[in-house]
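Worksheet for the structure shown next.
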Amino acid sequence: SGEQLGQRLTRLVNKNQILSPIHRAINDGHSEQALQLCDQVIQQAPTLRYSCLRLKSELLELEQRYDQAMALYRQVVEEQDLLWAVLGIGRVYYLQDDVQRALEHFQAMQQHFPQQVSVYDWIAKCQHTLGQLDHAESSLQQAVSISPKSVGRQAILGEVAEQLQHHELAHKAFASAIEGQHSCMLNPQNYQHYYDNTRELAVGLDTSEQKSLLAQTEAISKKMERKYQDNPAALAGNYAALASLFSTVGNSEQSANFISRLGKTLDKPDCHIEPQDFAYIEDQLDVLNQKADNLNKLQQLAPQMDRVRQRIQQDQENDQSARSINSEGLALAKQQQPLQALEKFRQALSLIHISEPTRPTT
1158 SGEQLGQRLT RLVNKNQILS PIHRAINDGH SEQALQLCDQ VIQQAPTLRY SCLRLKSELL
1218 ELEQRYDQAM ALYRQVVEEQ DLLWAVLGIG RVYYLQDDVQ RALEHFQAMQ QHFPQQVSVY
1278 DWIAKCQHTL GQLDHAESSL QQAVSISPKS VGRQAILGEV AEQLQHHELA HKAFASAIEG
1338 QHSCMLNPQN YQHYYDNTRE LAVGLDTSEQ KSLLAQTEAI SKKMERKYQD NPAALAGNYA
1398 ALASLFSTVG NSEQSANFIS RLGKTLDKPD CHIEPQDFAY IEDQLDVLNQ KADNLNKLQQ
1458 LAPQMDRVRQ RIQQDQENDQ SARSINSEGL ALAKQQQPLQ ALEKFRQALS LIHISEPTRP
1518 TT
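If you count by my numbering, then the sequence shown holds residues 1158 to 1519, one letter each, in order.
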């Protein structure tokens, strides 16, 4: 009811007011101060003890002080079987590279918290790390059956299924992921995976089924273009994926259309492609290169690809030089030569195209 909602909001506001100094210290990077504040608040406001212990243990975990974090998680669990603390124990096992023990811990948790999808996520993560991909896939399927609208979880399921060459499941998972149009977890690579698995599925379908699948794919590609209209690099990767998809199913006209759009996108001055994304585009062009009717279009695309390749190489060289100059700046700073150090830092910033912070006016 409205009255109950008001009471809950009031409690939350009061709680956050008391905890705000701790959060402020954490955000400012003052870890020791935050830990001390946790202890102070526990003394001053005993009802917030577990909230403070959670902040304290998770901060210790973040600071890689795993033994202290583990001790605190265990202390809480001995007092009360709180989900966050039980999860924390398993996470610390994992972070200490005791993955098998972490897996056994999370599997035991599953019996007590059967509807907590975070437990299934961690089981799958442990299984994936241990190379148990089939088991990881099964765990993720259980998780999405409980929480089907999680974009991130569907994408992880899709990636695992794709590794296992379970293309139908991967396709379904990525289709579910990209339905979350407004999720911050959605990224252009989700679309690329969707197209890749569409390609694998389409070659085995009859004409009618294939036509329906490709129509659905084109509708999704239009949504993708609208979403990433200001991101040429994202569009480039997806045009490459679509070009190889339509070439594989024998639609040379649509394939040529996407190759042409890829070329125009690569020509845009704000199309800055990261090395891993460019490698993906090259892989798609290798698929296209297997068909003779694509050769002419690919030859026309060669100048744009060469320009991007050269830009990436130049960026990598600049990054290496910037690191070296930055190290020189750090050495000068230690030698109490701040002006010379500042000049080195400015040189490093200019190489990686990052502006110097604006000085505040007084």
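Where is the CB? At the ideal position from N, CA and C, for every residue including glycine.
So, helix, strand or coil for residue i, using DSSP?
i	result
R1222	coil
D1353	helix
F1263	helix
G1420	helix
C1428	coil
S1507	helix
C1195	helix
E1500	helix
E1336	coil
F1415	helix
M1342	coil
Q1232	helix
P1271	coil
D1185	coil
H1323	coil
K1448	coil
A1359	helix
D1255	coil
A1559	Since the first residue of the chain shown is 1158 and the last is 1519, residue 1559 is not available in this structure.
Q1494	coil
Q1164	helix
Q1441	helix
Q1237	coil
N1171	helix
Q1408	At residue 1408 the sequence reads Asn, which differs from the Gln that was named. N1408: coil per DSSP, three-state reduction.
E1513	Caution is warranted here: a pLDDT of 46 is assigned to E1513, below 50, making its placement in the model unreliable, and the coordinate value is therefore given only provisionally. Coil.
At what residues does the alpha helix (DSSP H) containing residue i begin and finish?
i	result
F1403	P1389 to T1405
C1283	V1274 to T1286
S1365	T1364 to K1384
A1137	What the structure shows of the chain is the stretch from 1158 to 1519, and residue 1137 is not part of that stretch, so it cannot be assessed.
V1243	L1240 to L1252
D1291	L1290 to I1303
G1309	V1308 to Q1320
S1158	Note, S1158: premise wrong, no alpha helix (DSSP H); not H, not E.
Thinking residue i and residue j are a contact (beta carbons under 8 Å), I'd like their distance in whole angstroms, please.
i	j	result
L1392	E1382	7 Å
S1412	F1403	4 Å
G1337	V1317	Their Cβ separation, rounded to whole angstroms, is 18 Å, which puts G1337 and V1317 out of contact at 8 Å.
I1246	L1212	Not a contact, Cβ separation roughly 17 Å.
A1300	D1278	6 Å
S1362	A1400	Note that residue 1362 is Leu in the sequence shown, not Ser. That pair is no contact at about 20 Å.
L1216	L1192	6 Å
L1260	Q1284	7 Å
L1240	Q1273	6 Å
I1482	Q1504	5 Å
Three or more C-beta pairs closer than 8 Å, one from the region 1311–1331 and one from the region 1345–1354: is that the case here?
-> yes
Report yes or no: do three or more beta-carbon pairs, one from the region 1268–1275 and one from the region 1251–1259, lie closer than 8 Å?
-> no
At least three beta-carbon pairs within less than 8 Å, the region 1168–1181 to the region 1194–1208 | yes
Below 8 Å, can you find three or more Cβ-Cβ pairs linking the region 1490–1506 to the region 1451–1461?
-> no
Does the region 1423–1442 come close enough to the region 1354–1368 to have 3 or more Cβ pairs within less than 8 Å?
-> no
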